[in-house]
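Take a look at the structure below.
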Amino acid sequence: AQTVTQSQPEMSVQEAETVTLSCTYDTSESDYYLFWYKQPPSRQMILVIRQEAYKQQNATENRFSVNFQKAAKSFSLKISDSQLGDAAMYFCAYRSANAGGTSYGKLTFGQGTILTVHP
Amino acid sequence: DAGITQSPRHKVTETGTPVTLRCHQTENHRYMYWYRQDPGHGLRLIHYSYGVKDTDKGEVSDGYSVSRSKTEDFLLTLESATSSQTSVYFCAISESWGDAGDGYTFGSGTRLTVV
């Protein structure tokens, strides 16, 4: 089974600065997808960014970008120009694309990182 | 989130009582999931459904059962609630299984407290 690890329970950043959240995962598969979700205090789960494992190019969505290192099984999220509204819990997640595997299609989540943004 | 609603939003119940949480979607998505969120564990899959009356267990299914009699509704039942089932429960839907790599769409969660 796949595992996802977020080793930073909490992170903080000054408004307008850049912060990087770490995520590592363990898998023997070659085809999969990786995601970052944001959970603000409202509890809503919001998809921030997605990365296909077969793509070498790192995904970018406005101020959010990832550093995907497939060989190292690392998937970090960089938030540039941090805003107060970025304060939330962030989850890294893995979804298998291996049709022959028992984990196919299911999302596996990391433990989460609480991000605080200081004005 | 638009297209998926969970009820109730909050619930307090006593140990040993049965509890049913409801997830309703208007997106006509085939796949539906129940997760629980606990500090230090992230979200963990309880059960999932890949069609009407087609369900299967996730990694933390003990003490839970599910039913899906219609495409739009997915029910999670705690037959006899225990304090260890105090958690926030999320329902999610997806249009595809694994091949398209779409992220799930989540409901807004149910906070369940078992006293």
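Here the protein sequences come in this chain order: A and B.
Throughout the first sequence, residue numbering follows my numbering, covering 2 to 120 in sequence.
Throughout the second sequence, residue numbering follows my numbering, covering 123 to 237 in sequence.
All C-beta atoms, glycine included, are put in the ideal place defined by N, C-alpha and C.
Taking a 10 Å sphere around the C-beta of Ser104 of chain A, we find 16 or more other C-beta atoms and assign the residue as buried. Of all residues in the region 23 to 52 of chain A, only Tyr34, Phe36, Tyr38, Ser43, Arg44, Gln45, Met46, Leu48, Arg51 come within less than 8 Å of chain B when Cβ atoms are compared, listed by chain position. For the region 182 to 204 of chain B, the beta-carbon criterion of a distance under 7 Å to any beta-carbon of chain A is satisfied by none of its residues. Of the candidates B:Thr235, B:Asp176, B:Ser183, B:Ser183 places its Cα closest to the Cα of Arg166 of chain B. By the C-beta density criterion, Arg96 of chain A is buried, having at least 16 other C-beta atoms within 10 angstroms. Counting only Cβ-Cβ distances below 8 Å, Val210 of chain B has contacts in chain A at Arg44, in chain order. The Cβ of Leu108 of chain A sits closer than 9 Å to at least one Cβ of chain B. In the same chain as Thr177 of chain B, and ignoring 5 residues on each side of it, the C-beta atoms closer than 8 Å to its own belong to His169, Tyr170, Ser171, Val188, Ser189, Arg190, in chain order. Excluding its 5 nearest sequence neighbours in each direction, Lys79 of chain A has C-beta neighbours in its own chain below 6 Å: Thr21, Ser66, listed in chain order. Among the CB atoms of chain B, one or more fall inside 9 Å of the CB of Ala94 of chain A. By the Cβ test, the region 106 to 114 of chain A is in contact with the region 146 to 164 of chain B, since at least three Cβ pairs between them sit closer than 8 Å. Looking from the CA of Pro10 of chain A, the closest CA among A:Gln3, A:Thr19, A:Cys24 belongs to A:Cys24.
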